[in-house]
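The block underneath contains the structure these notes are about, expressed in structure tokens.
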Amino acid sequence: MSVAESRRGTLVHNVTLPLKERLRRKPEFGAVIAFLALFVFFSLVAPRFFSLRNLTSVITITAELGIMTIGASFLMICGEFDLSISGNYATAGFLFVTLGNIFSFPLGSVIALFVALGISCLVGLVNAQITLKGRIPSFITTLGMMMFLRGILLGITGGQSISYKGDSIVPTLLTGILAHRFRPSHFWFLCLMVLFTFILNRTVFGNRVYATGGKKEAARTMGVNVDRVKTISFMLCATLAGFSGIVAISRFNIANASFGQGMELEAIAASVIGGTLMTGGYGSVIGAALGAAIMGMVRTGLVMAGAPSYWYSAFVGVILVVAAIMNLRLRGATLEW
Amino acid sequence: MDREEPLVRMGNIHKSFGVVKALRGVDFEVRENEVVALLGDNGAGKSTLIKILSGVFPPDQGSIYLRGKRIEFASPEEARIAGIETVHQDLSLVEKMSIARNFFLGKEPTRRIGPLAVLDVKKMNQDSQLAVSDIGMRIRSTEELVSCLSGGQRQAIAIGRAVYFGAKILIMDEPLRNLSIREQRVVLNLIAEAKKKGSSVIFITHNVYHACSVADRFVLLDNGVKIGEVIAGEKTPEEIAECIATGCMVGGEKG
Numbered sequence: 177m178s179v180a181e182s183r184r185g186t187l188v189h190n191v192t193l194p195l196k197e198r199l200r201r202k203p204e205f206g207a208v209i210a211f212l213a214l215f216v217f218f219s220l221v222a223p224r225f226f227s228l229r230n231l232t233s234v235i236t237i238t239a240e241l242g243i244m245t246i247g248a249s250f251l252m253i254c255g256e257f258d259l260s261i262s263g264n265y266a267t268a269g270f271l272f273v274t275l276g277n278i279f280s281f282p283l284g285s286v287i288a289l290f291v292a293l294g295i296s297c298l299v300g301l302v303n304a305q306i307t308l309k310g311r312i313p314s315f316i317t318t319l320g321m322m323m324f325l326r327g328i329l330l331g332i333t334g335g336q337s338i339s340y341k342g343d344s345i346v347p348t349l350l351t352g353i354l355a356h357r358f359r360p361s362h363f364w365f366l367c368l369m370v371l372f373t374f375i376l377n378r379t380v381f382g383n384r385v386y387a388t389g390g391k392k393e394a395a396r397t398m399g400v401n402v403d404r405v406k407t408i409s410f411m412l413c414a415t416l417a418g419f420s421g422i423v424a425i426s427r428f429n430i431a432n433a434s435f436g437q438g439m440e441l442e443a444i445a446a447s448v449i450g451g452t453l454m455t456g457g458y459g460s461v462i463g464a465a466l467g468a469a470i471m472g473m474v475r476t477g478l479v480m481a482g483a484p485s486y487w488y489s490a491f492v493g494v495i496l497v498v499a500a501i502m503n504l505r506l507r508g509a510t511l512e513w
Numbered sequence: 054m055d056r057e058e059p060l061v062r063m064g065n066i067h068k069s070f071g072v073v074k075a076l077r078g079v080d081f082e083v084r085e086n087e088v089v090a091l092l093g094d095n096g097a098g099k100s101t102l103i104k105i106l107s108g109v110f111p112p113d114q115g116s117i118y119l120r121g122k123r124i125e126f127a128s129p130e131e132a133r134i135a136g137i138e139t140v141h142q143d144l145s146l147v148e149k150m151s152i153a154r155n156f157f158l159g160k161e162p163t164r165r166i167g168p169l170a171v172l173d174v175k176k177m178n179q180d181s182q183l184a185v186s187d188i189g190m191r192i193r194s195t196e197e198l199v200s201c202l203s204g205g206q207r208q209a210i211a212i213g214r215a216v217y218f219g220a221k222i223l224i225m226d227e228p229l230r231n232l233s234i235r236e237q238r239v240v241l242n243l244i245a246e247a248k249k250k251g252s253s254v255i256f257i258t259h260n261v262y263h264a265c266s267v268a269d270r271f272v273l274l275d276n277g278v279k280i281g282e283v284i285a286g287e288k289t290p291e292e293i294a295e296c297i298a299t300g301c302m303v304g305g306e307k308g
């Protein structure tokens, strides 16, 4: 609680909200519960689930999906969608492999990384321009972009896979195996979580992202350049998607045109499970990460429990809907969809 | 009446929308630290007049002076910078954000930590709480979401914010609409408090009784023409209501 003296001479109390209320208002509150519940569930059902070896591989999957999900959530909080993130994921991965193979000079893979990220960022800019200048829903813009990117990739590669033969600097820095199968990608994921949490909650830009997604007209009335905020968010989202693609490619060492197909919906589902509102203005990066972690757990946990891996999608579908309902109930009537 | 130059003077304002003549040669002024109620029936031109003043659109004819200096606003932004702030309870607050975050939206304070400009959350909470309590509204915590607040509390945030950022003139279009009777009283009280803090207030209303409780002066519009002005206390609310209903001043000094 802070107390200050007002100009009227009376003391003004500013109460820090009680813990219970603050928890309820955290977008990721429901996701924490769901995460713990599933964690316990799989640990009981699948004996080998709770082992360091498995948990690190869960984190590996989580990191790759999670980096994309952070971007997707960020843009959703800003009030827009990006369905082309999986296209961007594949395109950046493909570009990285192709350029890495061509750039035989020192630090070739590093240059390839940044060029590929630059192209992803550019795709985000194009998405933003089309959406804002063309005044069409980003759902449509990015659906088009997703199909476009995927088609271009198929056209160029003819459906053939390409293996990575460039230098090992970037692959090692991104996904080189460390002790207990920990990988650097876990660390990068953590860094991005911290960075984007900071941006959203502790910077001027973050405040404007929430406002733009929460109520565009109000943000505009208060002098926020809404289009600029959206454009930057589109670019951040696309760049993160590209980065997650490069991380995954570094692990697989092979790129093909159908890489990451359907992953955009996984990322959006993870965002929703993590408590981000589809209508914008509300959500968190921690929630996004937890959403991705839930997906990662389900993916390996089901297999370890002996269920065919096809069940993954069905299970995630149920979790998604239950999570959406649970999030709403937890928050109460003040934060409707 | 004193000879002092008013804070704002609008002279001979005309505005048409197609064939509809919304305003036909209206003169309007607001003095320092004065509450003016704009009264009139639907379609009288009240909203058009204040939208011209707040820069939403320019007049077809006529001029606006701010402290004797001729001004032309190209946008609401410019009017705001000049200190003319329109207070919308619905249009300027984001429900899913906290009071403190709303309060400083667009003018967020930061402090430097090394190379980083970090939101000064402490200042945001403290200043917004002080500003809102200064105009006589109690809120439990500035961390509360705006969606939890009543209509009157929301107006307090919007007014407190405008006063805090130095608005000279607050414009309120039907601030009492959709409010409960208790909340209406709260908002009327806010208007009085904003005046005490040195601001001038222009507010539009249908309801003469509301106007009478806080306004220093009443300006009556009918069908795009100013039909009269009344200083508080000169006429009873019943007489003013009669003027609005009939569209003419009865026994007034101006016709």
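Line by line, the protein sequences are chains L and P.
Anchor point for the first sequence: position 156 equals 332 in the numbering used here, and the numbering is continuous, going up by one each time.
Anchor point for the second sequence: position 68 equals 121 in the numbering used here, and the numbering is continuous, going up by one each time.
We put the CB at the ideal spot given by N, CA and C, even for glycine.
Quick caveat, the model's predicted, so the values are computed rather than measured.
Run the CB neighbour count on residue i, radius 10 Å, all protein chains shown included, and call it buried at 16 or more, exposed below.
i        : result
L/ALA394 : buried
P/ASN65  : exposed
L/PHE218 : buried
L/GLY300 : buried
L/LYS196 : exposed
L/TYR486 : exposed
P/THR101 : buried
P/GLN208 : buried
When the Cα atoms are used, what is the spatial distance from residue i to residue j?
i        : j        : result
L/GLY457 : L/MET439 : 23 Å
L/HIS356 : L/LEU350 : 16 Å
P/ALA127 : L/ALA465 : 45 Å
P/PHE218 : P/HIS263 : 27 Å
L/ALA304 : P/ASP187 : 42 Å
P/ASP226 : P/ILE257 : 5 Å
L/PHE309 : L/ARG404 : What sits at residue 309 of chain L in the sequence shown is Lys, not Phe. Answer to the nearest angstrom: the Cα atoms are 12 Å apart.
L/PRO223 : L/MET480 : 8 Å
L/SER489 : L/GLY472 : 12 Å
P/VAL147 : L/ILE332 : 46 Å
L/SER233 : L/PHE358 : 8 Å
P/LYS160 : L/PHE491 : 45 Å
L/LYS202 : L/VAL461 : 11 Å
P/VAL15  : P/LYS249 : Outside the displayed range of chain P (54 to 308) lies residue 15 of chain P, so it cannot be described from this structure.
L/ARG427 : L/ALA239 : 12 Å
L/ASN190 : P/GLN179 : 7 Å
L/PHE324 : L/LEU354 : 37 Å
L/ILE209 : P/PHE157 : 33 Å
L/VAL494 : L/ARG378 : 34 Å
P/VAL267 : L/MET398 : 27 Å
L/PHE153 : P/CYS201 : As shown, chain L starts at 177 and ends at 513. That puts residue 153 of chain L outside it, with no answer to give.
L/VAL448 : P/ALA184 : 36 Å
P/SER233 : L/LEU231 : 57 Å
L/PHE215 : L/ILE422 : 28 Å
L/LEU293 : L/PRO313 : 25 Å
L/GLY459 : L/ALA417 : 18 Å
L/GLU256 : L/THR317 : 11 Å
P/ALA298 : P/VAL140 : 28 Å
Under 7 Å Cβ to Cβ from residue i, same chain only, skipping five residues before and after it: list those, please.
i        : result
P/ILE152 : SER181, ILE192, THR195, GLU197, VAL199 and ILE210
P/ASP173 : PRO162, THR163 and ARG164
L/CYS297 : MET411, ALA414 and THR415
P/PRO59  : GLU82, VAL83 and ARG84
P/GLU87  : SER253, ASP269 and ARG270
P/GLN206 : MET190 and ILE192
P/MET54  : At P/MET54 the pLDDT is 46, less than 50, meaning the model places this residue with poor confidence; the figure from the coordinates comes in the next sentence. None.
L/CYS254 : VAL385, THR388, GLY389, VAL405, LYS406, SER409 and GLY456
P/LYS104 : PHE110
P/LYS288 : none
Output needed for residue i: all residues of its chain with C-beta closer than 8 Å, excluding positions within five of it in sequence on either side, in chain order.
i        : result
L/LEU319 : LEU259 and SER260
L/LYS391 : GLY457
L/MET177 : Any reading at L/MET177 must be qualified, since the residue scores a pLDDT of 49, below 50, and its modelled position is unreliable; the value itself is stated next. Answer for L/MET177: HIS189, ASN190, VAL191 and THR192, listed in chain order.
P/ASN231 : GLY204
Short of 6 Å in beta carbon distance, which residues of its chain neighbour residue i, apart from the five on each side in sequence? Order them along the chain.
i        : result
L/ALA431 : GLY269, PHE270, VAL273, ILE338 and ILE425
### Query
Between the region 361 to 371 of chain L and the region 229 to 249 of chain L, do at least 3 Cβ pairs fall closer than 8 Å?
yes
### Task
Note down, in chain order, all residues in the region 366 to 386 of chain L with a beta-carbon under 7 Å from any beta-carbon belonging to chain P.
ARG378, THR379, VAL380, ASN383 and TYR386
### Message
Taking beta-carbon pairs under 9 Å, can you tell me which members of the region 389 to 418 of chain L lie near chain P?
### Response
GLY389, GLY390, LYS391, GLU393, ALA394, ALA395, THR397, MET398, GLY399 and VAL400
### Message
Within 8 Å, do at least three Cβ pairs link the region 440 to 455 of chain L to the region 231 to 245 of chain L?
### Response
yes
### Query
Can at least three beta-carbon pairs, one atom from the region 241 to 260 of chain P and one from the region 79 to 97 of chain P, be found at a separation below 8 Å?
yes
### Query
Is the number of C-beta pairs between the region 271 to 281 of chain P and the region 63 to 79 of chain P that are closer than 8 Å three or more?
yes
### Message
So if I threshold CB-CB distances at 7 Å, which residues from the region 171 to 184 of chain P count as touching chain L?
### Response
VAL171, LEU172, ASN178, GLN179, GLN182 and LEU183
### Query
If contact means a Cβ-Cβ distance below 8 Å, which residues of the region 186 to 202 of chain P contact chain L?
SER186, ASP187, ARG193, SER194, THR195, GLU196, GLU197, LEU198, SER200 and CYS201
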